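*Asks:* Heads up: the sequence lines are chains Z and H, in that order. Read left to right, the first sequence gives residues 1 to 88 (the numbering used here). Read left to right, the second sequence gives residues 1001 to 1415 (the numbering used here). Glycine included, every Cβ here is placed at the ideal spot set by N, Cα and C. Quick caveat, the model's predicted, so the values are computed rather than measured.
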Amino acid sequence: MMQLDCPWCGKRDENEFVCGGTTHIQRPPLSASDRDWGEYLFFRDNPKGLHLERWRHASGCGQWFNLARSTVTHDIVSVYAMTDPAPR
Amino acid sequence: MNYSAWSLLRGALAGHRNWSPAWAPCEPKSRYDAVIVGGGGHGLAAAYYLAKNHKVSNVAVLERGWIGGGNTGRNTTIVRSNYLYPESARLYDFSLKLYEGLARDINYNIMLSQRGLVLLAHSRHDLDAMARWANAMRMNGIDAEMLTRDQVAALAPALDLSPTARLPIVGGFTQRRGGTARHDAVAWGYARAASRLGVDIVQNCEVRGFVFESGRAVGLETSLGTIRTERIGIAAAGHSSVLAKLAGFSLPVTSYALQALVSEPIKPLLDTVVISPGTGAYVSQSDKGEMVIGAMLDLFPSYAQRGSFAVEQSIIAGTLAMFPAFSRLRMLRQWAGIVDVVHDSSPIIGPTPVPGIYINCGWGTGGFKAIPVGGWTLAHVLATGENHPLAEPFQLERFVSGRLIDEAAASGIAH
């Protein structure tokens, strides 16, 4: 079972968490075109490899945090706070 | 060679040494009229219908691994058309009708078994929702019947029907034309039928890029060299985004692992498909006697073809809640396929932002049942440049216009 390192609670089993999908998505201004708005809502990079995503420790502290995780090996490369910039 | 009782008898008398390969192995040519990327059911069906319906037979199917080795070999083999909205109902029932005539059409026994499928209602609210669902199906001309608790008991007596069950069964509904088909036979049958019409089936050939000329895709870079073609069809399920990225566009797709497992073979116990939206698990018994069990997605993006243990546990718990008698069954195999999930659980079949490239994706957790219609409609748009009327509502453009077809019935279970 995959284990995630919650920044507040430490390592816990994956079924304590909920994945919130891709992180760092910027909401476009309300003046955005239908196409830009559609891309914001639905279109995703869906990479085969490193993916920056948000998770919530739903059955624990309830806090959100960010992960850099491989979608191929499920290895977690880094754990960082919601407001941190994307790791380089 | 045509397969028949006569050819089987002749084979038996000849010690089964007279069989020719079902499809011819081949190296790709440098040019085709159309190329399909992805040798799963949808890609092979598209190639077959291109040759059969549209007389375009200078076609190659490029498969990175082996034929039917992706999701076509990794599903729970269930066919059904119990969808809610008219657009989906038309699409999926066309597919089921093609399945009903497929063995004869492609001269290959796909072992279609219309044993029916039963959805369980665990509460008064489930019953109300199912009555709406079944009525919608009947309005769309598709068979559906509400079932009382006693009717469910008669169809699947091994279920825990006691009032003290974790999720008591109060009724359900059935689509009797639903059932199962042999998944490998669908892939092999389409491959053989396409090959017999002149289609090249190229295995172990990975697409690594596309060739562009003045904004149009005019060919593919593959591990077996460059192939020129004016029309490219992508049918790559969970890897659609990877190919789209190579071509320079993105898709509203997220790839997830969907897992299933089978038990050791046991004597006949269950002659229908049982789905419980409440437990999130569904069960059928294969012709070999194995219990085939499927359930919900691993709900985080993944390209790893293995399911997580956390979800496996809940699948087994859900199955045992329905069938306590399975508690001592040993599981033989567990696997996962990478499925292409879109926001409204409906497919995308048509042109892409890159001229010359067409796509068939977004089937998510329900691609197997849709193989015939996915191939039929992709072949149509590749051959004519026009969307097939059945595929017209299922365009990429709907994610800009907002005209989604939010098909909660797509998964059959709550995702």
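Pick helix, strand or coil for S1314 of chain H, following the three-state DSSP scheme.
*Replies:* helix
*Asks:* Taking the Cβ atom as the reference point for each residue, do V1037 of chain H and I1227 of chain H lie within a distance shorter than 8 Å?
*Replies:* No. Outside cutoff.
*Asks:* By DSSP's criteria, M1331 of chain H is part of a beta bridge. Which residues make up the other side?
*Replies:* H:S1263
*Asks:* When DSSP builds the beta bridges, which residues end up paired with Y1358 of chain H?
*Replies:* H:G1233 and H:P1351
*Asks:* Does DSSP put M2 of chain Z in a helix, in a strand, or in coil?
*Replies:* coil
*Asks:* Measuring only the C-alpha atoms, how far is Y40 of chain Z from T83 of chain Z?
*Replies:* 19 Å
*Asks:* What three-state label does DSSP hand E1087 of chain H in the structure shown?
*Replies:* Helix, per DSSP.
*Asks:* In three-state terms, what does DSSP make of D1184 of chain H?
*Replies:* helix
*Asks:* If you draw a straight line from the alpha carbon of A1144 of chain H to that of T1180 of chain H, how long is it in whole angstroms?
*Replies:* 17 Å
*Asks:* Around the Cβ of G1225 of chain H, are there at least 16 other Cβ atoms within 10 angstroms (buried) or fewer (exposed)?
*Replies:* exposed
*Asks:* On the CB-based measure, 16 or more other CB atoms within 10 Å of its CB, does G1385 of chain H come out buried or exposed?
*Replies:* exposed
*Asks:* Using the three-state DSSP reduction, which class does G1225 of chain H fall into: helix, strand or coil?
*Replies:* strand
*Asks:* Using a cut-off of 8 Å between C-beta atoms, extract the partners of L1299 of chain H located in chain Z.
*Replies:* Chain Z residues near L1299 of chain H: V18 and C19.
*Asks:* Might you give, ordered along the chain, the residues of its own chain that have their beta carbon closer than 6 Å to the beta carbon of A1014 of chain H, omitting 5 neighbours on each side?
*Replies:* Hits under 6 Å: none found.
*Asks:* Against chain Z, does H1183 of chain H count as a neighbour if the rule is that its beta carbon must be under 8 Å from one of theirs?
*Replies:* No, H1183 of chain H lies away from the interface with chain Z (no Cβ there is under 8 Å from its Cβ).
*Asks:* Would you mind sorting L30 of chain Z into buried or exposed? The rule is 16 or more other CB atoms within 10 Å of its CB.
*Replies:* exposed
*Asks:* Output the residue ranges of the beta strand (DSSP E) runs that lie fully inside the segment 1160-1214 of chain H and measure 3 residues or longer, sorted by chain position.
*Replies:* 1171-1175, 1200-1202 and 1207-1213
*Asks:* Should W8 of chain Z go down as buried or exposed, given a rule of 16 or more other Cβ atoms within 10 Å for buried?
*Replies:* exposed
*Asks:* Quick check on this structure: which residue in H:A1134, H:T1174 and H:W1133 has the alpha carbon closest to the alpha carbon of A1153 of chain H?
*Replies:* H:T1174
*Asks:* Does the beta carbon of A1310 of chain H sit closer than 8 Å to a beta carbon anywhere in chain Z?
*Replies:* yes
*Asks:* Can you tell me which of H:R1138, H:A1121 and H:G1141 puts its alpha carbon nearest to the alpha carbon of T1148 of chain H?
*Replies:* H:A1121
*Asks:* Between the C-alpha atoms of V77 of chain Z and P28 of chain Z, what's the straight-line distance to the nearest angstrom?
*Replies:* 29 Å
*Asks:* Should A1417 of chain H be flagged as near chain Z, meaning a C-beta pair shorter than 8 Å?
*Replies:* Since the first residue shown for chain H is 1001 and the last is 1415, residue 1417 of chain H is missing from the structure and cannot be characterised.
*Asks:* Is there at least one Cβ from chain Z nearer than 8 Å to H1415 of chain H's Cβ?
*Replies:* For H1415 of chain H, the predicted model reports a pLDDT of 46, less than 50, meaning its position is unreliable and no value from the coordinates is stated.
*Asks:* Just to confirm the assignment: which complete beta strand (DSSP E) runs, minimum length 3, are found wholly within the segment 1013-1077 of chain H?
*Replies:* 1034-1037 and 1059-1062
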